[in-house]
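Chains as they are written, first to last, in UniProt numbering: chain A, 1 to 418; chain B, 1 to 418.
Input: a single structure, listed below in structure tokens.
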């Protein structure tokens, strides 16, 4: 079975809008093992639409269309499908009532022009739209690569409507579409993408079920698990087996799941222990504070922070520099910043980031020297160098995450049961 | 003249990669007034490629292709163009030397498989690629809407290579392509998109030259000026006239041009005046500090800041709360935060943002009450309410910009010449 995806709209061919629907549908079909050979995007022109549909229904066995189902004059998908199949448009009473009720529910009469949305090519089947006024269309026409039949589904161009209608109504009609797909994500920090791949070994091999892929976003490494099964239960079990295997191999690098970032995990751990944190940032310019204050109910755990990128600010907020702190970018500076910050805020922990080292003109990030991170606790202050080599666009984010990870790992040591 | 854009690659039809080249090329052609009626994306399959090219060269007068010009076996654009035109591939010696030199410049021999990149359909013309090993291809074949000629240009899929080759080599060959296009951007803050449109009036009318469009990004409103002309000088004059007209109508809302944001303008103004700033943020969680520390050489102007989202942090860093400050979200709180922050850091100015008001469960951002901003100067402390109604996703950014804008406007009053 070969598929083609058609996106309809002059706003797409003119470049005013970027088509992302075709990619989304391609990924859905890839999940089912259906290869997509063509994407076609066509302007709002009836003859061009008919010609494109005729070509598609000959060279593909499945054609998915998006767009052109609205009530206005430039919405031509219904007419194009009828023209391609050589049939008339006929009124579907159930769809008409649905649309009238949709407007009635908003206290309005249905505008006359919306009536066209209840018209369907003779022999086709409406695909109800639970969230909008435009029903989709399902039809089977002579054609396809074998010359027998081509199946056609038309969706509205609004992504949320299209996603839901594909998943609920069209996917189950496709070969393999009755099978269930479930996804899960496991997030890691402190390990690179290729090292993670090495540790996972055969788990990421192509064609395995469940499939495990690795992606990176601002130094957070995410394992994406995709499980196929005939029941929800089967998928859940596959995911849980894969989850155990990933955690076994990646150990303490794993910090969370789904949308969790380090700041969520850290705030939760601190709240559970009824402990508090403050921060003193030079080079990272408040990035840690910004992350932590974005978490719901952070106030019991994160009391506040300093952005102290200058000597004057450090001395104003943390007190006079001790005699042993000479260099702006140094271990003693990180040590003092964290210790003094913890004392000033009266928190259980403090994290500090020194200024970033001065870069020579033309020096690449590859040769970049290190800044220093520090974690002050009741009993000690730990200092770690952090290399600034790597993509400058994600540098602040990576440094902030590295500092938070220092505390996360420290807390894990103290609570080995977690 | 009607155009079609073809993107080649199984990574596109499978959905693994999103095609953005077609949109970019459509926008370039729109600038020239050439309508695009079709985008086609096709997998790496020779027969499918030839069929797509045959259809395109019949229904369009100009066909732009991207992708499939690499050295590997799945790169088939050269072969497809030759197949479509019914001609052989022939070696272009100049292209071969260029590719050999490209590798020699990197101290390597040209791999044998790169030789294919110097092969071109007989009768076509190479389009040199100044930044990669894949030259493009220009050819004219029988076809087009009128049945006379269709012009075809093939580019590598790497966006930076494609952009440069289109602009330098193909654009000048197109009708209107010899005309020059220059763009400029003027950035405003403190005015909404529709109010800006109202103030600009006829300046934004469609079809005007230069064209002026309005876009919004995180509460910064940008006027985009596009001037067409036959010389650089003509474009410059048109832009400068439009720039004057925009500034006349939008007055003090205008703060910068091109990529300038409020933080750049503020740091520059403070450096020019040899004055300094500090910040105390509750609700905005360090966003102002994060913006200001992202500007080059900010250190002389922005000394540092506090992220004080809790009473404990405010008292630890700013001293005991005065008797008149009872409410966390109040004018007196903002007043005290800014005044005390300015004193603690010893700066000329301080900006403060109070906590955001507590939202009831289910209360929409539309009914949101206000937080307070304050600016402390040597002679006074100014407090302003800021409504939290609006898109929550950009709330922190808007609040941070509003605080910076308070100081920008204050500085302008003191230096009316600027």
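C-beta: ideal position from N, C-alpha, C; glycine also.
Query, Result
"Residue span of the beta strand (DSSP E) that contains residue 4 (chain B), given as start and end", "3 to 8"
"With 16 other Cβ atoms within 10 Å as the buried cut-off, status of residue 39 (chain A)", "buried"
"Within 9 Å of chain B by C-beta, residues of the segment 20 to 43 of chain A in sequence order", "20, 22, 23, 24, 25, 26, 27, 28, 29, 30, 35, 36, 37, 38, 39, 40, 41, 42, 43"
"Interface flag, residue 166 (chain A) vs chain B, CB-CB below 8 Å", "no"
"Within chain A, partners of residue 404 (chain B) - CB distance below 9 Å", "Those do not exist, as residue 404 (chain B) stays about 14 Å from chain A at its closest Cβ, beyond 9 Å."
"Burial state of residue 135 (chain A), where buried means 16 or more other Cβ atoms lie within 10 Å", "buried"
"Contact set for residue 102 (chain B): own chain, Cβ-Cβ below 7 Å, skip 5 residues either direction", "133"
"Straight-line Cα distance separating residue 66 (chain B) from residue 216 (chain A)", "27 Å"
"Residue 55 (chain B) (DSSP reduced to helix, strand or coil)", "helix"
"DSSP bridge partner residues for residue 40 (chain B) (one or two, in chain order)", "A:40, B:6"
"Closer than 7 Å at the beta carbon, the chain B residues around residue 14 (chain A)", "26, 30, 36"
"Residues sharing a beta bridge with residue 304 (chain A), DSSP", "A:278"
"Short CB-CB distance (under 8 Å) between residue 344 (chain B) and chain A", "yes"
"Simplified DSSP assignment, three categories, for residue 415 (chain A)", "For residue 415 (chain A), the pLDDT reaches just 42, beneath the cut-off of 50, and the residue's location in the model is therefore unreliable, leaving the point undetermined."
"Residues of the segment 286 to 303 of chain A whose Cβ lies closer than 7 Å to any Cβ of chain B, in chain order", "286, 287, 289, 290, 293, 294, 299, 303"
"Reference residue 248 (chain A), options A:210, A:196, A:209, A:260, closest by Cα", "A:196"
"Stretch pair the segment 21 to 30 of chain B + the segment 297 to 311 of chain A: three plus CB contacts closer than 8 Å", "no"
"Inter-residue spacing [alpha-carbon to alpha-carbon] between residue 316 (chain A) and residue 370 (chain A)", "26 Å"
"Pairwise C-alpha distance: residue 119 (chain A) and residue 110 (chain A)", "15 Å"
"Helix, strand or coil at residue 170 (chain B) [DSSP, three-state]", "helix"
"Three-way DSSP call (helix, strand, coil) for residue 210 (chain B) in this model", "coil"
"Spatial neighbours of residue 416 (chain B) in its chain, beta-carbon cut-off 7 Å, leaving aside the 5 residues before and after", "In this prediction, residue 416 (chain B) has a pLDDT of 35, which is less than 50 and means its spatial position is unreliable; what the coordinates show is noted afterwards. Contacts found: none."
"Exposure label - residue 238 (chain A); buried when at least 16 CB within 10 Å", "buried"
"Inter-residue Cα distance where the pair is residue 202 (chain B) and residue 252 (chain B)", "20 Å"
"Residue 350 (chain B) vs residue 277 (chain B) beta-carbon contact at 8 Å", "yes"
"Selection from B:4, B:19, B:9 that minimises the alpha carbon distance to residue 34 (chain B)", "B:4"
"Cutoff 8 Å: residue 309 (chain B) Cβ touching any chain A Cβ", "yes"
"Residue burial classification, residue 227 (chain A) (beta-carbon count within 10 angstroms, cutoff 16)", "buried"
"Contact residues within the segment 62 to 87 of chain A, judged by C-beta distance below 8 Å to chain B", "none"
"Within-8 Å CB hit, residue 273 (chain A) to chain B", "no"
"Extent of the continuous alpha helix (DSSP H) to which residue 425 (chain A) belongs", "Residue 425 (chain A) lies beyond the stretch modelled for chain A, which goes from 1 to 418, so this question has no answer here."
"Residue from A:189, A:69, A:93, A:150 with nearest C-alpha to residue 266 (chain A)", "A:189"
"Proximity test, Cβ basis, 8 Å: residue 92 (chain B) and chain A", "no"
"Residue 198 (chain A) - DSSP class collapsed to helix/strand/coil", "helix"
"The segment 42 to 52 of chain A touching the segment 70 to 79 of chain A, judged by at least three CB pairs closer than 8 Å", "yes"
"Min CB distance residue 216 (chain B) to chain A below 8 Å", "no"
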